[in-house]
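Heads up, the thing below is written out as C-alpha cells.
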C-alpha cells in the first residue's frame, strides 16, 4: 500500500501503558493524569471503568473532556469494533482540535473468558488510530486476573509511562505479530440462525435479497436497509472473493436488529481488516472499511476451519 | 427477424419478443408502451404481478407515468381480469377487443396498443390453447389496426411454450444488448452513451471496466464524438463497493479532454459512490435521478378509492355484455391528488429498492 499519512510523524499515535497496583491506584492515577492534561489545555477523551469515569469528571468537570463509547452488545466485547468506533469518534474530535489525549483504563468486567479482548483492542488501536494525532495512555493492572491481559499490554504498547516518564518498551511488537498464533475469541455463540444459506459468487444477489426482505420488518428504514444490504454484501463478497468459492451466511432477526455471520474456509492476509480507510488508489479493502462504518459490530476471527465474520446492525 | 425497436411498432403491428432477462422484459415493455404514449394512443398493460416493475421502468425512462395514468391514456388492467380473459370463450375476447379499440378511438385517442403478462393463458386454463387467443388478437389487429406486443419470457413460460408462440407470430423483435447476464443488462444508447439496468456486483465486476474503456476508445477514435462518456444509471438498483471504486478509478484515468458522466443515479447508488471518493474525482460527474420512481396509488386507498373504481371498470370483466371502456373518471380531482402525492413523495420509495433483484 502506498498510504501517505497527512499527519507529521511527531503528531501520529503515541501509545503508552502505565501499570497500576489495583483499582484504587488506577483511580488515583487516572484523576492525576486527567488533571495534568486539562491543566495543559489539551482535549481529553476517556474510556475508563464507570467509577473511575465519575471520579475524573468530578475532579476536572466536563469542559474539554469527553467519554468514548464502549460498545458492548449482547454478543460481548469485540476489541476491533471498539477500536473502529473510537477511531471514528477521535477522527471527528481532531477535526476541531489539533490533537487529543486519550486515557483508557482496564476494566475487568470486559475481560470475557480469558482477557483476550484487551489484547485485540490494543492491537486494533495500533492500526485504527495509527494516522491520528492521538496520545493514548492505557492504565493496566500489574497483577491482572488473566495473565493474558498483562502479556497483551506488554506486547502492544510501544511506550511505557512510569515515574521516570515516557520510555520505549523493548517488548513491543506489531499487531500482526501479536495476533499471530493467538486464537482470537469467537463471539458468544447464538442460538440456531433464522436463515442459513450457502452461496457462491453468482448467488450474491440472493444474499442481498434475503437481507432486503428481513430489514424492513426489523425496523430499518429504506435508507438504512440499503446500507445494511451493502454492508452484508461486502462481507459476503469478501468471503467468496478471497476464501473458498462457496461460503455460508447465517442471519438472526432479533429485537435488537440484524445479526449476520459469514463463514468461509479461506485465510486472512491481515488479521484486522477494514480498520483503516484504504488509500484512494488502493482498489481493494474498501468494502470491509465501509461495512465497519455502517454496522454497530463487525468482528472478524479465524480458526482452523477458516475465517468468520459477525456483523450486528441496529435500525 | 426484425431490427425494429419496440417503440417503433405502430398500428397494425402484432409482434412477439422473447426477452433473455427480466431487465430486458421491463425494457421492451416500457419502450413499447412509451411508443404509444408518444403517439397519443390508448395504452393498456394487462398485469399479472409485473406492473410495478413496468411502471418503475417507465418512470426511469422519464415517461410521465402519473399524468398518463390520471388522464386514462395509460391503463393497468388488474391480474384477475387478465387471467379471466383466458377462461372466457375466444369469441367474447375478440368482441371485447373490438369494442375496446373502438371505444378508445371514440374517446379521441389516435390508436390502441396493448401488452402484458399473459403467461396464465399458456397452460390453457379453460382448455383453449393460447394460440387460439393469439389468432383472435391477430384478427383484431388486422381489422382494427391496433398494435400488440406479445412477450414470452423465460421466467414465466417453458421453452416449449415459447417455441409454440414464436411460430404463431409473423414478426419477432430483438433488442440486442451489449451485455446481459440476467442480473445486469447493458445497452448501447449512443456512440458514447450506454445504459445499465439491474445490479452490478462481484459476479459481473470485470464488465463495467471493459464497458467504460471500450466506450472511451470509441470516443477517442472518432474525431466528432462527444467528450462525455455517459452512463445512464436510472435502472441500476445496486452497485457494490468495488464497482463504485471501478467507476471512480476509470474517470481518474480518463484523458483530461474527457469526462465520465453518470446520469439519473438513484439515491442508494449515489451513497455508495459518495463513500468511494466520487466527489473528489474531477473528471467524474454524478447527476442524481430527478425523483424517485412513481408508484401506483396503494390499493390501501380502500375498495372505494379512485383507483379501485377505475380498475373495476376495466375492459375484460364485462365481456358478456359488451361494456365500453370507462369514460373519464368523475372523481378526477381525487385521483389527481393521489397520483401527485405518489410522484413527489420520496418516502414512497420502495423499502427494498437497491437490493431486491
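Chains as they are written, first to last, in the working numbering: chain U, 1 to 315; chain G, 1001 to 1357.
Built from N, CA and C at the ideal position, the CB exists for glycine as well.
All figures in this text were calculated on a predicted structure; none of them were measured in a lab.
Any chain U beta carbon closer than 8 Å to residue i
i: residue 1156 of chain G; result: no
i: residue 1265 of chain G; result: no
i: residue 1272 of chain G; result: yes
i: residue 1275 of chain G; result: yes
Proximal residues of chain G, C-beta to C-beta of residue i below 7 Å
i: residue 205 of chain U; result: 1183, 1199, 1201, 1357
i: residue 201 of chain U; result: 1202, 1203
i: residue 230 of chain U; result: 1272
i: residue 101 of chain U; result: Going along chain G, no residue has its Cβ under 7 Å from residue 101 of chain U, so there is no contact; the nearest lies around 30 Å.
i: residue 119 of chain U; result: By Cβ distance, chain G contributes nothing, its closest Cβ being about 30 Å from residue 119 of chain U, past 7 Å.
Proximal residues to residue i (C-beta, below 8 Å), its chain only, five neighbours per side dropped
i: residue 1049 of chain G; result: 1079, 1117
i: residue 1283 of chain G; result: 1251, 1252, 1254, 1256, 1258, 1259, 1260
i: residue 1191 of chain G; result: 1218, 1219, 1222, 1225, 1226
i: residue 222 of chain U; result: 216
i: residue 56 of chain U; result: 30, 31, 34, 46, 48, 65, 103
i: residue 157 of chain U; result: 15, 16, 17, 122, 138, 169, 172
i: residue 90 of chain U; result: 45, 68, 100, 102, 129, 132, 134
Partner residues on chain U for residue i, Cβ-Cβ distance less than 7 Å
i: residue 1268 of chain G; result: 226
i: residue 1241 of chain G; result: 234, 286, 287, 290
Rounded distance between the beta-carbons of residue j and residue i, thought under 8 Å
i: residue 1028 of chain G; j: residue 1006 of chain G; result: 5 Å
i: residue 1137 of chain G; j: residue 1097 of chain G; result: 7 Å
i: residue 1044 of chain G; j: residue 1075 of chain G; result: 5 Å
i: residue 1195 of chain G; j: residue 1232 of chain G; result: 4 Å
i: residue 292 of chain U; j: residue 298 of chain U; result: 5 Å
i: residue 116 of chain U; j: residue 151 of chain U; result: Incorrect: roughly 10 Å between the Cβ atoms, too far for contact.
i: residue 1248 of chain G; j: residue 1281 of chain G; result: 5 Å
i: residue 159 of chain U; j: residue 16 of chain U; result: 4 Å
i: residue 77 of chain U; j: residue 112 of chain U; result: 6 Å
i: residue 18 of chain U; j: residue 161 of chain U; result: 4 Å
i: residue 48 of chain U; j: residue 132 of chain U; result: In fact, because the Cβ distance is near 19 Å, the residues do not count as touching under 8 Å.
i: residue 53 of chain U; j: residue 67 of chain U; result: 6 Å
i: residue 189 of chain U; j: residue 13 of chain U; result: Contact doesn't hold; Cβ gap of about 34 Å is too wide.
i: residue 262 of chain U; j: residue 239 of chain U; result: 5 Å
i: residue 264 of chain U; j: residue 244 of chain U; result: 6 Å
i: residue 1272 of chain G; j: residue 1242 of chain G; result: Not quite, the Cβ-Cβ distance comes to about 10 Å (not below 8 Å), so this is no contact.
i: residue 1087 of chain G; j: residue 1129 of chain G; result: Not confirmed; about 13 Å, so no contact.
Cutoff 6 Å; reference residue i; Cβ partners in own chain excluding five residues on either side
i: residue 208 of chain U; result: 229, 233
i: residue 1179 of chain G; result: 1186, 1207
i: residue 42 of chain U; result: 101
i: residue 212 of chain U; result: 229
i: residue 1131 of chain G; result: 1168
i: residue 288 of chain U; result: 273, 274
Residues near residue i by beta carbon distance below 7 Å, same chain, minus five either side
i: residue 1209 of chain G; result: 1246, 1250
i: residue 143 of chain U; result: none
i: residue 219 of chain U; result: 315
i: residue 1021 of chain G; result: 1180, 1182, 1185
Chain G within 8 Å of residue i, Cβ atoms only
i: residue 69 of chain U; result: no
i: residue 240 of chain U; result: yes
i: residue 176 of chain U; result: no
i: residue 82 of chain U; result: no
i: residue 237 of chain U; result: yes
i: residue 74 of chain U; result: Caution applies to residue 74 of chain U, whose pLDDT of 46 falls short of 50 and renders its modelled position unreliable; the value that the coordinates give is listed next. So, not an interface residue.
Listed by chain order, chain G residues near residue i by CB distance under 9 Å
i: residue 196 of chain U; result: The premise fails here: residue 196 of chain U is roughly 19 Å from chain G at the closest Cβ pair, so nothing lies under 9 Å.
Residue i beta carbon near the ligand MG (any heavy atom closer than 7 Å)
i: residue 1236 of chain G; result: This structure lacks the ligand MG, and indeed carries no ligand of any kind.
Query raised in the report: Three or more C-beta pairs closer than 8 Å, one from the stretch 130-139 of chain U and one from the stretch 171-181 of chain U: is that the case here?
Result: no
Query - Three-pair Cβ contact test at 8 Å for the stretch 93-100 of chain U versus the stretch 121-131 of chain U - result: no
Query - Sufficient close CB pairs (3 or more, under 8 Å) joining the stretch 1048-1067 of chain G to the stretch 1097-1111 of chain G - result: The count of Cβ pairs closer than 8 Å, one atom from the stretch 1048-1067 of chain G and one from the stretch 1097-1111 of chain G, stays below three, leaving the stretches out of contact.
Query - the stretch 262-277 of chain U contacting the stretch 1009-1020 of chain G, beta-carbon criterion three pairs below 8 Å - result: no
Query raised in the report: Is the stretch 176-189 of chain U touching the stretch 22-31 of chain U, taking contact as three or more C-beta pairs under 8 Å?
Result: no
Query - the stretch 186-195 of chain U / the stretch 241-260 of chain U touching (three or more Cβ pairs under 8 Å) - result: yes
Query raised in the report: Would the stretch 1014-1031 of chain G and the stretch 1149-1157 of chain G be scored as touching if the rule is three or more Cβ pairs under 8 Å?
Result: yes
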